[in-house]
């Protein structure tokens, strides 16, 4: 930045002596934070009190935090008045240097980490001795604001890190700065404090595979891990590399009897196809069915260890549509129906890539749950046409009904999935009555008001005007439910108009009872309707 010094002529005190300290800032700190090297040099030349230790260190701190390498070099390596002050403070109190190193490690400024370690005497000895940025030492020198303000701005609960969190190597691991970790290790940083389970949890939550691999290696004999808890969290977050580290690189001393059922269930639910592939690689046998009580037990175990790793507890919630954050709740719909079978769970959510992985691993495409519902049925419930097409290509049984007699076509019509119905009809799906109620797909489409599906089924030229077990015809249920458009469609297609149910209730009567006066009017004007 080119400066016209004539432009910066100011009267003594107009800039320098202005009181900015209520906001922890001043012109030198602002220049250092914004990276204005020439402006900072100008301010130092203009007037500087070498005895002002507070401003000197806070200016250096601002440059370290913002990653302004040139200003850090200016203050540490080049002869300036502020350089002399910084050097004096750092030479007499290494804990101040640890504060600077700490903020640089957390912000990930690798080049400045190297500069600090090379420029500040005894700083490498501090990290070898596992010294930490101590508040009481900083307070004695008047630098308390450095620690407090920094942690506050980072959103870090200071009390949670009062033991290890003020160590540069600890926070390098916590923030996933593997390159900085390597630098600190090269300077002989002590690693004995890296046994904290919070570090393992953070690596799994945020996806730091290199950090996790190092932590496992470093703590081969120092810590006992509940590895299933870490595996579950990695599956929730979708960190394939973390799952691979846990399963591939777990040392012999920690060989764990991994339970793949809950992780597999979660991966299928979330659609993490690559994680499903990794998990299946290590499964001794195909986990084709997962019992509810097994998952309850695994969730209980997870929650027992979750707090120590910094994880939120998991729970099974009955309503799948409540899309809460997965770290706060493992969400399943009617678990006893869909989550028992991994393939069915993936079909329910429409995760095509995950379904392909499961089919490649010989999962039975026609396996049914305790309700008799197959994967094809499940895909039709949700209307995932691409999944239905994939299952048809895998020879899924299109005609298999659930234990109540409902077919895949029936539930697709019931839920209004037009494209799915069209695909099923192209594969000659059965349109006859289903189950004990004897409702046909056509009748349920009329009942639910899905006009597009009604037209599709009419165009098949098959016999669709079938009544249910109570003698209710498609036209009857359309009148009862008040679907004007469907009533008009059926009348124009010569539906049976002298229609009564088995109890003798007519079309007019059922429409009138339900106050569908527009339908009553339509029926009254139609001379073919028997009243």
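Numbering (this note's numbering), first residue to last: 277 to 807.
Backbone N, C-alpha and C fix where the C-beta goes; we use that ideal spot for every residue, glycine too.
Treat the numbers as computed from the prediction; the structure is a model and nothing was measured.
Asked                                                                                                                                                                                        : Found
Return the first residue and the last residue of the alpha helix (DSSP H) that residue 494 is part of.                                                                                       : 485-494
Please state whether DSSP places residue 698 in a helix, a strand or coil.                                                                                                                   : helix
Note down the Cα distance separating residue 332 from residue 483, rounded to an integer number of angstroms.                                                                                : 38 Å
For residue 335 versus residue 367, is the C-beta spacing smaller than 8 Å?                                                                                                                  : no
Hey, would you say residue 350 sits closer than 8 Å to residue 313, going by beta carbons?                                                                                                   : yes
What whole-angstrom Cβ distance do residue 507 and residue 519 have, given they're in contact under 8 Å?                                                                                     : 7 Å
Please work out which residues of its chain come closer than 6 Å, Cβ to Cβ, to residue 465, disregarding the five sequence neighbours upstream and downstream, and give them in chain order. : 403 and 445
Output yes or no for whether 8 Å exceeds the beta carbon distance between residue 739 and residue 719.                                                                                       : no
What's the call for residue 655, buried or exposed, on a 16-neighbour Cβ count within 10 Å?                                                                                                  : buried
Near residue 306, which residues of its chain fall below 7 Å by C-beta distance, leaving aside the five closest residues on each side in sequence?                                           : none
State the Cα-Cα distance for the pair residue 617 and residue 645, rounded to the nearest angstrom.                                                                                          : 7 Å
Three-state secondary structure (DSSP) at residue 715?                                                                                                                                       : strand
What residues in its chain sit with their C-beta under 7 Å from that of residue 347, if we drop five residues either side in the sequence?                                                   : 308, 311, 313, 316 and 339
How many Å lie between residue 549 and residue 384 at the Cα?                                                                                                                                : 32 Å
List the DSSP bridge partners of residue 710.                                                                                                                                                : 715
Can you confirm whether the segment 746-757 touches the segment 708-727 when touching is taken to mean that 3 or more C-beta pairs between the two stretches lie within less than 8 Å?       : yes
Quick one: what's got a C-beta closer than 8 Å to residue 731's C-beta in the same chain, skipping five residues either side?                                                                : 765
How is the alpha helix (DSSP H) around residue 404 delimited, first residue to last?                                                                                                         : 399-404
Between residue 761 and the rest of its own chain, which residues show a CB-CB distance below 7 Å, the 5 nearest in sequence each way excluded?                                              : 727
Would you say residue 767 and residue 783 are within 8 Å of each other, going by their C-beta atoms?                                                                                         : no
Which residue comes first and which comes last in the alpha helix (DSSP H) that contains residue 477?                                                                                        : 473-482
Taking C-alpha atoms, which residue in 741, 330, 698 and 757 lies nearest to residue 725?                                                                                                    : 757
So the alpha helix (DSSP H) residue 450 belongs to, where does it begin and stop?                                                                                                            : 444-450
Helix, strand or coil for residue 650? Go by DSSP, reduced to three states.                                                                                                                  : coil
Skipping 5 residues on each side, what residues in its chain have a beta carbon closer than 6 Å to that of residue 619?                                                                      : 634, 639 and 651
With distances taken Cα to Cα, identify the nearest neighbour of residue 733 among 699, 393, 629 and 490.                                                                                    : 699
For residue 552 versus residue 538, is the C-beta spacing smaller than 8 Å?                                                                                                                  : no
Would you identify the three-state DSSP class for residue 782, choosing helix, strand or coil?                                                                                               : strand
Can you grab the Cα-Cα spacing for the pair residue 570 / residue 590, in whole Å?                                                                                                           : 14 Å
I believe residue 710 touches residue 697 by the beta-carbon criterion, under 8 Å. Please report the beta-carbon distance rounded to the nearest angstrom.                                   : That belief does not hold up - the Cβ atoms of residue 710 and residue 697 are roughly 14 Å apart, past 8 Å.
Would a C-beta distance cut-off of 8 Å place residue 373 and residue 396 closer than the cut-off?                                                                                            : yes
Would you say residue 542 and residue 512 are within 8 Å of each other, going by their C-beta atoms?                                                                                         : yes
Please report the straight-line C-alpha distance between residue 648 and residue 679, rounded to a whole angstrom.                                                                           : 5 Å
How is the alpha helix (DSSP H) around residue 346 delimited, first residue to last?                                                                                                         : 345-352
Let me make sure I understand the geometry here. Which of 467, 515 and 509 has the alpha-carbon closest to that of residue 492?                                                              : 467
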